[in-house]
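Peer 1: There's a structure below that I have some questions on.
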Amino acid sequence: MSLVAGPGRGGALDGQLPDELQLVAEKHVAYIQKLDTRRDELEYHLTEHLRLSGIYWGLTALHLLHRADALPRDGVLDFVLSCLHENGGFGAAPGHDPHMLYTISGVQILAMVDGFDELEKRVTDGKRKIADFVASLQQVNGTFAGDEWGETDTRFLYGALNVLSLLGYLPHQRPNEEPALIDVKAAIAHIKACQNFDGGFGVAPGAESHSGQIFTCLAALSIAGELDSYLGEEGKDRLGAWLSERQLDDSGGLNGRPMKLVDVCYSWWVGSSLAMIERLHWIDKKKLATFILQCQDPVEGGVADRPGDMVDVFHTHFAIAGLSLLGYPGVGEVDAT
Amino acid sequence: MSHGVPRVSGTATTSGKSEQARAKERQQIEQYKQLEGDVRARISAHDYSNASLQLTSKLLSQNPEYYTIWNDRRRILQHVFEQELGEGGKSTTAPQQDIDAAHKAGLSLPQREISLLIQEDLHFLLPLLKQFPKCYWIWNHRSWLLRYATSHLPPHATLELWQAELGLVSKMLALDSRNFHGWSYRREVIAEMEKLSGSGMAEKEFEYTTRMIGTNLSNFSAWHYRSQLISTLLQNRRADSEQRRSTFDAELELITRALYTDPYDQSLWFYHEYLMATLDSSNAGAQIILHPCTDADRTAYLSQELDSIREMLDGAEDCKYIYHALLQYANRLIGLGGHGAPTAEMKEWLSELRKMDPLRARRWEDLETKLKL
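As given, the protein sequences belong to chains X and C, one line each in that order. Using UniProt numbering, read the first sequence as starting at 1 and increasing by one per residue. Using UniProt numbering, read the second sequence as starting at 1 and increasing by one per residue.
Pasting the structure below:
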């Protein structure tokens, strides 16, 4: 799987788009399939530190396009498990250090390809080891670090809850195990400390609200079962107002913060956040879908952040996930968290 | 989350490349893989030499997103630092000028060595940070170096390092005033400096946001930071209720002037909303400015702002944010007991809003239901 940008650009053919924009699903499938054949490009090697996430993005896009078979399951499983370290963390590629980000991707892929049995077959107590790795990164104040070097971020906190939930190791999934693997209460208290007056959340307490961070915080609250009780209707209205203002009048695309450029990936961060608080209808779905489709390369497949930029698998994934949220025909349903 | 996918500029895609370009790329790949292999092999063999450190510099300059190599770099540095700390006895063999310099700086010889190494590494990061200001790993490495210094060097030496970081982050934010890595790092720097010096910096930082806003009104990051500083500032000043009120009035005046300059800028409306939220006891994320704050205060301020915002409509009748603010604050006025709440006007504002903002038509529908006009 390559994370090389291009070869095409979003909205290619010099802006000559057909009147009726279509999702060029087969082209995207072919684009994703071809990614691993681009080893003759320097960028293929320069982006190895993202490989496992790249596979997750590609595979999710394929699943949503009902083409899960387009990447060989055995090959995917072999690669994922070759990134797993003895301590239970995944690196981005074989030999790369374990990190929360890739542990999230690794576990998400295993869940998607139904690979937990295979994990247990090849690694004794594999699930437990991964859960222990994740739990070991919780800090005194409830948040999570990305790895042993100490960076903390609400992205990692969400990732930890997501991984443990997929593995079935959240405390409420194992009520008889003492002591609990992580302190969910402290984690959720930390999320609450990251909330701002505008209803949004930042990367740490005091930080400006950011759509990506809002997604992680809402998803964490949701996994912990505290989303509705914490926000209430007032809180949802306030946050929904901020999120719905991310849609810009001219393009119909979404930005991540006030007065910033639109980007296809926010179709997911903002869209799924709105869906989690039942306010997705507060934006113009049709205009957003049109914007996403304009970012496609209709010839060689793949989606870019904005029309005219190079396509890549990250934006291809978030574009298709965004269309899925919008109920676009031919795209499978996705769980917002 | 991480926008790690590099943008290729120009037409450097596979299909359009000449054979010559392909051959050159093959060579670049080979050199890169060799360098990578060399670094990884040295680390596996625990070769924490200066030569290894230099190789990580070379590799990271080509690819600063390669997080494992940043870890390798820290492994090397940690090893060198620990050696320095463990070799206190060696100091007798050190040149006299080093001993003098360490003494003058108030450091032991190993501490001085570590301090120099850390400064050297911070220096190495500078051009990378300028070239890749959104790379998480570069900011992380800086932060790691500073934290190491903080736990191993005396406070006066560490404070100097953090002071220099404040200068750096100010420069970075001058280049891109919305870079959230920069703002996060700034908060970290200030928190550490306050801890080390034992004195608060909220006043200075507040002045900094005034300057940033003066340069560019539309900088929501600066407005946000300002919003975070006010309550600390008032606490540090031990402000009484009158002083709190005059601060609040001054902020309202500042934002009102800004709104007159550009009522179409949503950053400004969010700051106005921040100020008004401090009057809203139902908002969990709101800060405290007025203290005490009575319902009479709330009513008075809401009425005052409704009047002031109504005037903004003159010449900006097509500005949807004005109608939204009016509706919101009028509704809060109703919530407070509601005498003089302009229900007829509210209907009109809502209908303008719906005309002007079809993108969010269903949000305004929901609002209509909620307001029960």
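Backbone N, C-alpha and C fix where the C-beta goes; we use that ideal spot for every residue, glycine too. Since we're looking at a predicted model, the values are computed, not measured.
(1) Could you pull the DSSP bridge partners for Asp305 of chain X from this structure?
(2) Of all the residues that make up the segment 265-278 of chain X, which are near chain C by a beta-carbon distance shorter than 9 Å?
(3) In three-state DSSP terms, what is Val262 of chain X?
(4) Keeping to the same chain, check which residues put their C-beta closer than 6 Å to that of residue 342 of chain X; ignore five residues upstream and five downstream.
(5) What is the rounded straight-line gap between the Cα of Val327 of chain X and the Cα of Arg73 of chain C?
(6) For Leu53 of chain C, which three-state DSSP category applies?
(7) Are any of the Cβ atoms in chain X nearer than 8 Å to that of Ile29 of chain C?
(8) Please state whether DSSP places Phe248 of chain C in a helix, a strand or coil.
(9) Skipping 5 residues on each side, what residues in its chain have a beta carbon closer than 6 Å to that of Ser105 of chain X?
(10) Tell me the DSSP secondary structure of Leu279 of chain C in three-state form.
(11) Using the beta-carbon of each residue, which ones in chain X are nearer than 9 Å to Lys33 of chain C?
(12) Which stretch, first to last residue, makes up the alpha helix (DSSP H) that contains Trp70 of chain C?
(13) Would you be able to state if there are at least three C-beta pairs under 8 Å between the segment 75-88 of chain X and the segment 109-127 of chain X?
(14) Nearest by alpha-carbon distance to Ser44 of chain C: which of C:Lys24, C:Ile76 and C:Tyr32 is it?
(15) So that I know if they touch, is there some Cβ in chain X lying closer than 8 Å to that of Ala330 of chain C?
(16) Compute the beta-carbon to beta-carbon distance between residue 360 of chain X and Arg257 of chain X, rounded to the nearest angstrom, for a pair I have assumed lies under 8 Å.
(17) For Thr124 of chain X, which of helix, strand or coil comes out of DSSP?
(18) When Cβ atoms are compared, which residues of the segment 219-242 of chain C fall closer than 8 Å to chain X?
(19) In the DSSP assignment, what residue or residues form a beta bridge with Met310 of chain X?
(20) Under the DSSP definition of a beta bridge, which residues are partnered with Gln296 of chain X?
(21) Would you list, in chain order, the members of the segment 50-79 of chain X that have their beta-carbon closer than 7 Å to a beta-carbon of chain C?
(22) Cβ of Gly106 of chain X within 7 Å of any heavy atom in the ligand FMN?
(23) What residues of chain X sit near Leu175 of chain C, judged by a beta carbon separation below 8 Å?
(24) Where does Ala145 of chain X fall in DSSP's three states?
(25) Once you ignore the five residues that flank Leu166 of chain X on each side, which residues in its own chain have a CB closer than 6 Å to its CB?
(26) When you compare only the Cα positions, how much space is there between Thr93 of chain C and Ile99 of chain C?
(27) Pick helix, strand or coil for Leu248 of chain X, following the three-state DSSP scheme.
(28) If you draw a straight line from the C-alpha of Ala135 of chain X to the C-alpha of Asp153 of chain X, how long is it?
(29) Counting pairs of Cβ atoms below 8 Å between the segment 202-219 of chain X and the segment 232-250 of chain C, do you hit three or more?
(30) Around the Cβ of Gly253 of chain X, are there at least 16 other Cβ atoms within 10 angstroms (buried) or fewer (exposed)?
(31) Use the C-beta contact count for Asn219 of chain C: other C-beta atoms within 10 angstroms, 16 or more gives buried, fewer gives exposed.
(32) Quick check on DSSP: helix, strand or coil for Leu280 of chain X?
(33) Can you pull the chain C neighbours of Lys286 of chain X, defined as C-beta to C-beta under 8 Å?
(34) Is the CB-CB distance between Gln296 of chain X and Gly88 of chain X below 8 Å?
(35) Just to check my reading of the structure: Ser221 of chain C and Ser177 of chain C have Cβ atoms closer than 8 Å, yes? What is that Cβ distance to the nearest angstrom?
(36) Given that a residue counts as buried once 16 or more other Cβ atoms are within 10 Å of its Cβ, and exposed if not, what is Ala202 of chain C?
Peer 2: On the basis of the supplied data:
(1) Taking the first sequence and counting its residues from 1, the one referred to as residue 305 of chain X is at position 305. In the DSSP output, where bridge partners are listed per residue, Asp305 of chain X has none listed.
(2) Cys265 and Trp269
(3) The residue given as residue 262 of chain X occupies position 262 in the first sequence. Looking at Val262 of chain X - three-state DSSP - the assignment turns out to be strand.
(4) Examination of residue 342 of chain X is not possible in this model, given that chain X is present from 1 through 337 alone.
(5) Within the first sequence, residue 327 of chain X is the residue found at index 327, counting from 1. Within the second sequence, residue 73 of chain C is the residue found at index 73, counting from 1. As written in the sequence, residue 327 of chain X is Gly, which differs from the Val given in the question. C-alpha separation (whole angstroms): 47 Å.
(6) Numbered from its first residue, the second sequence carries residue 53 of chain C at position 53. Here Leu53 of chain C sits in helix by DSSP.
(7) Taking the first residue of the second sequence as position 1, residue 29 of chain C is located at position 29. Output row for Ile29 of chain C: interface = yes.
(8) Indexing the second sequence from 1 puts residue 248 of chain C at position 248. Here Phe248 of chain C sits in helix by DSSP.
(9) Here the question's residue 105 of chain X lines up with position 105 in the first sequence. Counting only Cβ-Cβ distances below 6 Å, and skipping sequence neighbours, we find Leu52, Ser53 and Tyr56.
(10) As a working mapping, residue 279 of chain C is identified with position 279 in the second sequence. Of the three classes helix, strand and coil, the one that applies to Leu279 of chain C here is coil, per DSSP.
(11) As a first step, residue 33 of chain C must be located in the second sequence, where it is residue number 33. Within 9 Å Cβ-Cβ: His45.
(12) The residue given as residue 70 of chain C occupies position 70 in the second sequence. Segment Tyr67 to Gly86, the alpha helix (DSSP H) holding Trp70 of chain C.
(13) yes
(14) Locating residue 44 of chain C in the second sequence gives position 44, where the first residue counts as 1. Ranking C:Lys24, C:Ile76 and C:Tyr32 by Cα distance to Ser44 of chain C puts C:Ile76 first.
(15) Here residue 330 of chain C refers to the residue found at position 330 when the second sequence is read from its first residue. Not closer than 8 Å to any Cβ of chain X, the Cβ of Ala330 of chain C fails to qualify, so no.
(16) This structure cannot settle anything about residue 360 of chain X, because the visible part of chain X is limited to 1 through 337.
(17) Here the question's residue 124 of chain X lines up with position 124 in the first sequence. Thr124 of chain X falls in the coil class under three-state DSSP.
(18) Phe220, Ser221, His224, Tyr225, Ser227 and Gln228
(19) For the purposes of this step, residue 310 of chain X is identified with residue 310 of the first sequence, where counting begins at 1. In DSSP, Met310 of chain X forms a bridge with X:Arg9.
(20) Numbered from its first residue, the first sequence carries residue 296 of chain X at position 296. BP columns for Gln296 of chain X point to X:Val303.
(21) Leu50
(22) Ligands in the displayed structure: none, and consequently the ligand FMN is not present.
(23) As a first step, residue 175 of chain C is located in the second sequence; it is residue number 175 there, counting from the start. Within chain X, no residue comes near Leu175 of chain C; the closest Cβ sits about 16 Å away, beyond 8 Å.
(24) The residue given as residue 145 of chain X occupies position 145 in the first sequence. Residue state, collapsed to three classes: strand.
(25) Position 166 of the first sequence, counted from the first residue, corresponds to residue 166 of chain X. Val107 and Ala111.
(26) As a first step, residue 93 of chain C is located in the second sequence; it is residue number 93 there, counting from the start. As a first step, residue 99 of chain C is located in the second sequence; it is residue number 99 there, counting from the start. Taking the straight line joining both Cα atoms gives about 10 Å.
(27) Counting from 1 along the first sequence, the entry for residue 248 of chain X is found at position 248. Looking at Leu248 of chain X - three-state DSSP - the assignment turns out to be coil, as it is neither helix nor strand.
(28) In the first sequence, the residue the question calls residue 135 of chain X occupies position 135. In the first sequence, the residue the question calls residue 153 of chain X occupies position 153. Approximately 15 Å, taken between the alpha carbons.
(29) no
(30) Residue 253 of chain X sits at position 253 when you count from the first residue of the first sequence. Gly253 of chain X is buried by the Cβ-count criterion.
(31) The residue labelled residue 219 of chain C in the question sits at position 219 within the second sequence. Its Cβ being crowded by 16 or more others within 10 Å, Asn219 of chain C is buried.
(32) Taking the first sequence and counting its residues from 1, one reaches residue 280 of chain X at position 280. In this structure, Leu280 of chain X counts as helix in the three-state DSSP scheme.
(33) Looking up residue 286 of chain X in the first sequence gives position 286. Going along chain C, no residue has its Cβ under 8 Å from Lys286 of chain X, so there is no contact; the nearest lies around 10 Å.
(34) Numbered from 1 along the first sequence, position 296 holds the residue referred to as residue 296 of chain X. Numbered from 1 along the first sequence, position 88 holds the residue referred to as residue 88 of chain X. In this structure, Gly88 of chain X does not lie closer than 8 Å to Gln296 of chain X by Cβ.
(35) To locate residue 221 of chain C, count along the second sequence from 1; it is residue 221. To locate residue 177 of chain C, count along the second sequence from 1; it is residue 177. Correct: roughly 7 Å between the Cβ atoms.
(36) As a working note, residue 202 of chain C is residue 202 in the second sequence. Ala202 of chain C should be labelled buried.
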